[in-house]
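Numbering (our numbering), first residue to last: 449 to 689.
Backbone N, C-alpha and C define an ideal beta-carbon position, used for all residues, glycine too.
Structure representation (structure tokens):
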């Protein structure tokens with residue numbers, strides 16, 4: 449079941465449903481579901497999560513528990529429909545039915561091919577972008593359109609980072625993201641005429657880079673007003689970061 453279907457079922461905005469799914473996944477309550485692209489009623493391409501049955505109940509319980517019964521009914525409809533598809537074979541003596549069945553099969557294979565290609569592209573993009581020891585700012589500089597000046601505040605809001613200074617310039621990794629999405633590099637600083645102190649630099653782990661990239665593709669990261677709407681990356685920018 450897609451996140452859009454869940455939104456329609458409970459009468460909530462789709463972006464709110466996606467945010468709820470992401471928060472549940474970040475807490476480890478559910479697995480982050482795979483993303484897909486569907487057409488909405490306006491014919492526009494929309495990114496959706498494809499949610500498994502168990503996790504859909506958790507999501508709905510989080511959003512609107514009173515809709516749990518409606519969710520049960522919807523799953524029964526989906527499963528009954530799936531059962532009919534499996535049980536009913538096309539009449540191959542009918543050229544029209546046979547052609548339709550063949551076209552459906554080709555469409556399913558093409559869709560699977562698109563999904564596999566999208567996953568391969570994502571992995572390739574991450575391999576080009578991510579380098580051990582990168583900060584979140586360096587990583588996001590390679591993502592087209594991201595407002596890197598706002599990413600720190602965004603990660604604070606998601607409990608990945610916190611500020612330990614009044615100036616708001618010294619970030620530390622929050623307990624939620626520590627050793628999961630981020631870690632810290634530390635080194636001693638000795639200012640002239642002052643006592644030495646330890647400086648901490650938050651850096652991304654590979655899982656954190658993957659999560660940031662997922663958030664980017666989902667349109668969740670803070671973006672520049674001049675963004676052209678394209679989700680692309682620039683390998684060359686990584687070296688300049």
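DSSP-derived helix/strand/coil call for residue i
i	result
residue 661	helix
residue 449	coil
residue 638	coil
residue 577	helix
residue 498	strand
residue 504	helix
residue 493	strand
residue 669	coil
residue 476	coil
residue 468	helix
residue 461	coil
residue 456	helix
residue 606	coil
residue 523	helix
residue 585	helix
residue 516	helix
Nonlocal neighbours in the same chain, by C-beta distance under 7 Å from residue i, ignoring five residues either side
i	result
residue 533	The predicted position of residue 533 is uncertain, since its pLDDT is 43 and thus under 50; a value taken from the coordinates is nonetheless stated next. So no residue of the chain qualifies.
residue 518	457
residue 451	462, 465, 466, 469, 496, 497 and 499
residue 645	637
residue 659	629
residue 587	577, 578, 652, 657 and 660
residue 675	593
residue 454	465, 499, 504, 507 and 508
Nearest-angstrom Cβ-Cβ length linking residue i and residue j, presumed shorter than 8 Å
i	j	result
residue 457	residue 522	6 Å
residue 669	residue 610	Between residue 610 and residue 669 the Cβ distance is about 19 Å, and since that is not below 8 Å, they are no contact.
Paired residues, beta bridge with residue i - DSSP
i	result
residue 645	637
residue 619	611
residue 632	650
residue 483	497
residue 626	630
Own chain residues within Cβ distance below 8 Å of residue i, not counting five before or after
i	result
residue 671	593, 594 and 595
residue 506	472, 477 and 478
residue 510	468 and 472
residue 627	653
residue 600	584, 585, 609 and 619
residue 512	458, 459 and 460
Chain-order list of residues whose beta-carbon lies under 6 Å from that of residue i (same chain, five-residue window excluded)
i	result
residue 493	485
residue 624	607
residue 582	652
Residue i Cβ short of 7 Å to the ligand MG heavy atom set
i	result
residue 456	Of the ligands one can find in the structure shown there are none, so the ligand MG has no counterpart to examine.
When the Cβ atoms of the segment 609 to 628 are set against those of the segment 480 to 492, are three or more pairs found closer than 8 Å?
no
Between the segment 618 to 636 and the segment 652 to 663, can you find at least three pairs of beta-carbon atoms closer than 8 Å?
yes
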